[in-house]
Structures are given as structure tokens and as C-alpha cells.
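Visitor: In case it helps, the working numbering puts the sequence shown at residues 984 to 1200. We put the CB at the ideal spot given by N, CA and C, even for glycine.
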Amino acid sequence: MDGVALRAQLVMGRDLLMRSVAFQACFISAATVAARFGAAALGAHQVVLQLWEFLALVLDSLAIAAQALVGAALGAGDAGYAKSVAWRVTAFSLAAATVLALLLGAGAPVLPEIFTDDAAVLAAIGVPWWFLVAQLPAAGIVFGLDGVLLGAGDAAFMRTATVVSALIGFLPLVWLSLIFGWGLAGIWAGLTTFIVLRLAFVGWRTLSGRWAVTGTA
């Protein structure tokens, strides 16, 4: 590997690390604040958050495919095919996430009991559960387009979009929830705002076509 390629990989690694740090800062803050509202609130938050993370991994299967296809297309100089992959993964991700959301919504009366039999946790779980259902279609698109942009090597934009979304969306609402006593509704409103902001960022970036740069780095 020559020096230019190595430097490009190190820069991408730095950007993805900063993106991961932003995610972890948000999730640690959310758990910290949820704990302030009591053990039942923390338990409900963690149950739904673990489900959220599992579904993110499920939907990431499409993102991984998009990453490989987009990278190969751009490396071969075929920006048109890369863009067609972006549209397809958007459609497939939205469809898959919508189906999952409908299943979670239909199963809301019984599915939480699979994860816990604690009455207090079950009483608190409804709020984050319905936030999860509502945000899942948007999250599906975000996860899919993350794969597209990562395949295009657009890690710097992904880093900035994630950090800004965390700083103006997720983190403020999480800590305002503690100050004003909004409970899990405030915390999950923060996560939902984070997803919506990221959707706006990655959607705009994809529509702009600026990511579709052909050739190797």
C-alpha cells in the first residue's frame, strides 16, 4: 500500500472513530439520565434500546450490501450504477423497516413480556416502544444510506452529520429531560430527533450526487 492510500485509510478511520464516539456519548448520556428516573425507567429504556440496536444490525445487512456494490461501481468508474444502488437500497430499507415497525406495533401488547416480567418495567416500556415503532422507517433509510456513503468513502460527511445531529438533537433533549422531568418521552424524543436530523443530512447528500466520485482513492 502506497503512502497516499495509507493516509486516506487513516483519515477515514479517524472520521469513523469520531462518529462512533458521538454515538457512544449519546447512548451513555441517555442511560445516565434514564437511571435518574428510577430502576423501572432504566430497565424499560435498556430493553427497547437493545431491541433498537438489534434491528439496526438487521437493517445493516442491506447497508453492507450497498457498501460493497457502491464501492465496486465507483471504483470501476460507473457512477450511474452506484446511484441506482442508492435508490434501490433506500426502497428496500424503507420497506423492510416498515414491515418491522408494523410487526412491533401489532405485537406491542404482548412482545414486551418476552423481555421482562417485571410489572414496573412493563408499565414504563410503552413510551419508548412506540417511539421505536414511529422512528423505524426513517431509521431504515438512514442505515441504508449510511452504507451507500461509506461505500463511496464519504466518511468525513458521515462524521460531521452524526456529530451535528448529536449536538443539536439527541444530547440537548436528553439533558433537558433530566432538568424538566420529561422522563423516557424526552430521552426517546431525543433519539428520534437524532434519526430525523441524520435522515435530512444523508438524504440531502445522496440527492446532491456529490458522493458519487469515481476512481480509486
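Taking all protein chains shown into account, decide if I1162 is buried (16 or more other Cβ within 10 angstroms of its Cβ) or exposed.
Guide: With fewer than 16 Cβ atoms within 10 Å of its Cβ, I1162 is classed as exposed.
Visitor: Pairing CB atoms from the segment 1084 to 1101 with CB atoms from the segment 992 to 1004, are three or more of them under 8 Å?
Guide: These segments do not touch.
Visitor: Looking only at C-alpha atoms, which of G986, T1145, A1048, A1091 sits nearest to L1115?
Guide: Out of G986, T1145, A1048, A1091, A1091 has the C-alpha closest to the C-alpha of L1115.
Visitor: For R1142 and L999, I'd like the C-alpha separation in whole angstroms.
Guide: Each residue's alpha carbon lies about 6 Å from the other.
Visitor: Take I1151 as the anchor and find which of A1107, A1172, R1019 has the nearest alpha-carbon.
Guide: Selected option, being the one with the closest Cα: A1172.
Visitor: Jot down the residue ranges of each uninterrupted alpha helix (DSSP H) in the segment 1014 to 1082, minimum 4 residues, whole runs only, in chain order.
Guide: Correct list: 1022 to 1058.
Visitor: Can you tell me whether DSSP reads D1100 as helix, strand or coil?
Guide: Coil at D1100, not helix or strand.
Visitor: When you compare each of R1193, L1119, A1138 to F1177 by their alpha carbons, which one comes out closest?
Guide: Cα-wise, what sits closest to F1177 is L1119.
Visitor: With P1155 as the anchor, note down where its alpha helix (DSSP H) starts and where it stops.
Guide: Run containing P1155: 1154 to 1163, per the alpha helix (DSSP H) assignment.
Visitor: Along the chain, where does the alpha helix (DSSP H) that runs through W1113 open and close?
Guide: Here the alpha helix (DSSP H) through W1113 covers 1109 to 1134.
Visitor: What does the Cβ neighbour count give for D1100, buried or exposed, with the cut at 16 atoms within 10 Å?
Guide: Exposed: under 16 other Cβ atoms inside 10 Å.
Visitor: Helix or strand or just coil, what does DSSP make of R1193?
Guide: In this structure, R1193 counts as coil in the three-state DSSP scheme.
Visitor: With distance defined between alpha-carbon atoms, name the residue in Q1050, F1140, A1017 nearest to W1165.
Guide: Checked all of Q1050, F1140, A1017; the closest Cα to W1165 is A1017.
Visitor: If you pair each beta-carbon of the segment 1022 to 1033 with each one of the segment 1066 to 1077, do three or more pairs fall below 8 Å?
Guide: Verdict: no, contact absent.
Visitor: Which of helix, strand or coil does DSSP assign to V1008?
Guide: Sequence check: residue 1008 is Ala here, not Val. Correct three-state label for A1008: helix.
Visitor: The alpha helix (DSSP H) with V1146 in it runs from where to where?
Guide: Looking at the DSSP string, the run of the alpha helix (DSSP H) that includes V1146 is 1138 to 1148.
Visitor: Please work out which residues of its chain come closer than 7 Å, Cβ to Cβ, to S1076, disregarding the five sequence neighbours upstream and downstream, and give them in chain order.
Guide: Once the five neighbours on either side are set aside, the close Cβ partners of S1076 are L1042, L1045, G1123, I1124, F1126, G1127.
Visitor: Out of A1023, R1193, V987, which one is the CA nearest neighbour of L1105?
Guide: Ranking the options by Cα distance to L1105, first place goes to A1023.
Visitor: With DSSP as the reference, label A1200 as helix, strand or coil.
Guide: Note that A1200 has pLDDT 47, beneath the 50 cutoff, so the model's placement of it is unreliable and no number is given.
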